[in-house]
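Q: Below you'll find the structure I mean.
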Ligand SMILES: Cc1cc2nc3c(=O)[nH]c(=O)nc-3n(C[C@H](O)[C@H](O)[C@H](O)COP(=O)(O)OP(=O)(O)OC[C@H]3O[C@@H](n4cnc5c(N)ncnc54)[C@H](O)[C@@H]3O)c2cc1C
C-alpha cells in the first residue's frame, strides 16, 4: 500500500490530506506536525484570539482524523529529508518512509538581527505566541508594533480596540505599501490614525532598551518611545532549512511546477512555503489562506491522477480585518499598478488596480459586495476604461 507523508500540520497540510482522501487516495496518510496542537487556523490569531474573544481555532476535531484514517504525528518536527531512500528524518532520531511526500511547513517570522533578548518582545505566527502576547495586554498598556504589514496592522487594530496605546512604525511611506501600493496604503493608514494609533511612517526600529524586560524603543529618527510590550511583524520566511542537502530546489520557498511538483520525483509542496509556477511572472509564493486550499485541491488531483482539466482558475483573494472593516483584495494587486480610487467616504473605500490597460484587481474596505462582484471582470481581463465607466454609472 502506498504511503503519503505530509510534513506540516497547518492549513495547507490539512487541506492536502482532505483533498487526497476526496480524490480517492486509499493509501496510508501521515500528517507530521512540529507543534503539539491539532491543525488550527491562523487568521484569528491577530484578531479574535489576541483580543481575548477566542482561545481555540482548531480546524477539525480529532475524530475527523480517525474517520478519514489520517495518522497524526504531532510534536514531531521533520529535521531532514533523504530523497534517495525516501525517508523523512524526525526529531529524536526516527525516520518515516514515504512513497509520496508533501512539504507544507509554512513560514517562520523574520527576526531583527542584533536585538537584545528582553521580556515583552513578541512575534506572531503560532497560537502559543498569540496567547503569550495577549497575556501582556491590558487597557492603558503601551505597545510598539514594528512593521505595518497585515499582521502589524491587525495587531494595532486589535490592541487599540482593547484600550492599549499603540505606536505602529513602518519604514515605508504607508502601511501595506509594498503589497497594495502607497495610495491605498495611505487609506489604510487613515484608519489607524483616526482610531488614535500613533502611526509613524518612514522610520524603523533602531534599538530596544530595558533591564531584563523591554522598557523603551529607539527609532531610526532618534526618537525614543516608552513601551511595555513590543510586537515585531516584519514579514516571514519559508521553513525550508530541514530540506538542506535533500536535492529539493529552494529559492525563497520550495520551487514547484504549476501543480505543486518539485524538481525531485515524488516530492510536492503547497501553502505559504511553496513557490508555484504561475502563468506570468515565473514562480510565486502566496501567503494567504484561500491559496492553501486551492493549491491542495490541484496538488491532490495531480498526485492521484484525477485532475479535472476544466477546473476553473481561481481569482486570487485575501482579506484582513481592521477597525471593524473587512479589507479585501481580489485579483493580482501589485504596488506598481496604476490605482483608481472609485469610492471613498472617508473610511470605506474601493480601488481598481490597472495593469497593461486591464482591470488586474480590486481592493475594498467595508464594501464586500462591490469587491466580490468584480470577480467576473477580473477573470475576463476587462478593459480598465469599461470597468471605470461601470463604476461611475
Ligand atoms: C497571525 C496571522 C494572521 C493571518 N491572517 C490572514 C488573513 O486575515 N487573511 C488571509 O488570507 N491569510 C491570513 N493569514 C495567512 C494564512 O494563515 C496562511 O496563508 C496559512 O496559514 C498558510 O497555511 P500553511 O499550512 O501553508 O502554513 P502554516 O499555517 O504556517 O502551517 C505550517 C505548519 O507546519 C509546521 N511545521 C513547520 N516546520 C515543521 C517541521 N520541520 N516539521 C513539521 N512541521 C513543521 C508548523 O508548526 C505549522 O503548523 C494569517 C497568518 C497569520 C500568521
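Numbering (this note's numbering), first residue to last: 957 to 1349. Even for Gly, the Cβ is constructed at its ideal location relative to N, Cα and C. Because the structure is a prediction, the values reported are computed rather than measured.
Tell me whether the beta-carbon of residue 1006 lies closer than 8 Å to the beta-carbon of residue 1086.
A: Indexing the chain shown from 1 puts residue 1006 at position 50. Indexing the chain shown from 1 puts residue 1086 at position 130. The answer is yes: Cβ separation under 8 Å.
Q: Under 6 Å Cβ to Cβ from residue 1121, same chain only, skipping five residues before and after it: list those, please.
A: As a first step, residue 1121 must be located in the chain shown, where it is residue number 165. Excluding positions up to five away in sequence, the list reads 1098.
Q: What's the C-alpha gap between residue 1312 and residue 1043?
A: Locating residue 1312 in the chain shown gives position 356, counting from the first residue. Locating residue 1043 in the chain shown gives position 87, counting from the first residue. For residue 1312 and residue 1043, the distance between alpha carbons rounds to 47 Å.
Q: Output the distance between the C-alpha atoms of residue 1045 and residue 960, rounded to the nearest integer angstrom.
A: Taking the chain shown and counting its residues from 1, the one referred to as residue 1045 is at position 89. Taking the chain shown and counting its residues from 1, the one referred to as residue 960 is at position 4. Taking the straight line joining both Cα atoms gives about 15 Å.
Q: Rounded to whole angstroms, how far is the Cβ of residue 987 from the Cβ of residue 965, which I believe are closer than 8 Å?
A: Here the question's residue 987 lines up with position 31 in the chain shown. Here the question's residue 965 lines up with position 9 in the chain shown. About 5 Å; that satisfies the 8 Å criterion.
Q: Kindly indicate which three-state DSSP category residue 1052 falls into: helix, strand or coil?
A: In the chain shown, residue 1052 corresponds to position 96, counting from 1. Correct three-state label for residue 1052: strand.
Q: Please return the same chain residues whose Cβ sits closer than 7 Å to the Cβ of residue 1253, not counting the five positions on each side in sequence.
A: Working through the chain shown from its first residue, we reach residue 1253 at position 297. Correct list, in chain order: 975.
Q: In terms of alpha-carbon separation, which member of 1223, 1093 and 1289 lies closest to residue 1054?
A: Stepping through the chain shown from its first residue, residue 1054 is reached at position 98. Of the listed residues, the one whose Cα sits closest to residue 1054 is 1223.
Q: With residue 1229 and residue 1063 assumed to form a contact (beta carbons below 8 Å), what rounded beta-carbon distance in angstroms separates them?
A: Locating residue 1229 in the chain shown gives position 273, where the first residue counts as 1. Locating residue 1063 in the chain shown gives position 107, where the first residue counts as 1. That pair is a contact at about 7 Å.
Q: With 16 as the cutoff for other CB atoms within 10 Å, does residue 1169 come out buried or exposed?
A: Against the chain shown, residue 1169 aligns to sequence position 213. Classification of residue 1169: exposed, given that the 10 Å Cβ count is below 16.
Q: Could you give the first and the last residue of the continuous alpha helix (DSSP H) run that contains residue 1060?
A: Position 104 of the chain shown holds residue 1060. Neither: residue 1060 is in no alpha helix (DSSP H) and is coded neither H nor E.
Q: Suppose contacts are defined by Cβ-Cβ distances below 8 Å. Is residue 1235 in contact with residue 1218 by that definition?
A: By 1-based counting over the chain shown, the position of residue 1235 is 279. By 1-based counting over the chain shown, the position of residue 1218 is 262. Contact flag unset, no.
Q: Residue 1274 lies in the beta strand (DSSP E); which residues open and close that run?
A: Position 318 of the chain shown, counting from 1, holds the residue named residue 1274. Segment 1273-1278, the beta strand (DSSP E) holding residue 1274.
Q: Is the Cβ-Cβ distance between residue 1355 and residue 1190 less than 8 Å?
A: Since the first residue of the chain shown is 957 and the last is 1349, residue 1355 is not available in this structure.
Q: Tell me which residue opens and which closes the alpha helix (DSSP H) that residue 1394 is part of.
A: The requested residue 1394 is not part of the displayed model; the chain covers only 957 to 1349.
Q: Mapping DSSP to helix, strand and coil, what is residue 1148?
A: Start at 1 with the first residue of the chain shown, and residue 1148 comes out as number 192. The answer is helix: DSSP assigns residue 1148 an H, G or I state.
Q: Taking 7 Å as the line, does the beta carbon of residue 1228 fall inside it for any heavy atom of ligand 1?
A: Along the chain shown, one-based indexing puts residue 1228 at 272. Because some heavy atom of ligand 1 lies under 7 Å away, the Cβ of residue 1228 counts as near it: yes.
Q: Would you decide whether residue 1247 is buried or exposed? Buried here means 16 or more other CB atoms lie within 10 Å of its CB.
A: Position 291 of the chain shown, counted from the first residue, corresponds to residue 1247. Buried, because 16 or more other Cβ atoms sit within 10 Å of the Cβ of residue 1247.
Q: Please state whether the Cβ-Cβ distance between residue 1033 and residue 1019 is less than 8 Å.
A: What you label residue 1033 is simply residue 77 of the chain shown in a count that begins at 1. What you label residue 1019 is simply residue 63 of the chain shown in a count that begins at 1. No, the pair does not count as a contact, with Cβ atoms beyond the cut-off.
Q: Measuring CB to CB, does residue 1287 end up less than 8 Å from residue 1320?
A: Indexing the chain shown from 1 puts residue 1287 at position 331. Indexing the chain shown from 1 puts residue 1320 at position 364. Result no, Cβ atoms of residue 1287 and residue 1320 do not sit closer than 8 Å.
Q: Look at the Cβ atom of residue 1031, then the Cβ atom of residue 991, and state whether they are nearer than 8 Å.
A: Numbered from 1 along the chain shown, position 75 holds the residue referred to as residue 1031. Numbered from 1 along the chain shown, position 35 holds the residue referred to as residue 991. Cβ distance < 8 Å, so residue 1031 and residue 991 count as in contact.
Q: Restricting to runs no shorter than 4 residues, where is the alpha helix (DSSP H) found entirely within the segment 1144-1214?
A: Fully enclosed alpha helix (DSSP H) runs of 4 or longer: not present.
Q: Could you work out which residue in 1015, 1211 and 1138 is closest to residue 970 when comparing CA atoms only?
A: For the purposes of this step, residue 970 is taken as residue 14 along the chain shown, with counting starting at 1. Out of 1015, 1211 and 1138, 1015 has the C-alpha closest to the C-alpha of residue 970.
Q: Alpha helix (DSSP H) containing residue 1022: first to last residue?
A: The residue given as residue 1022 occupies position 66 in the chain shown. Start and end: 1018-1023.
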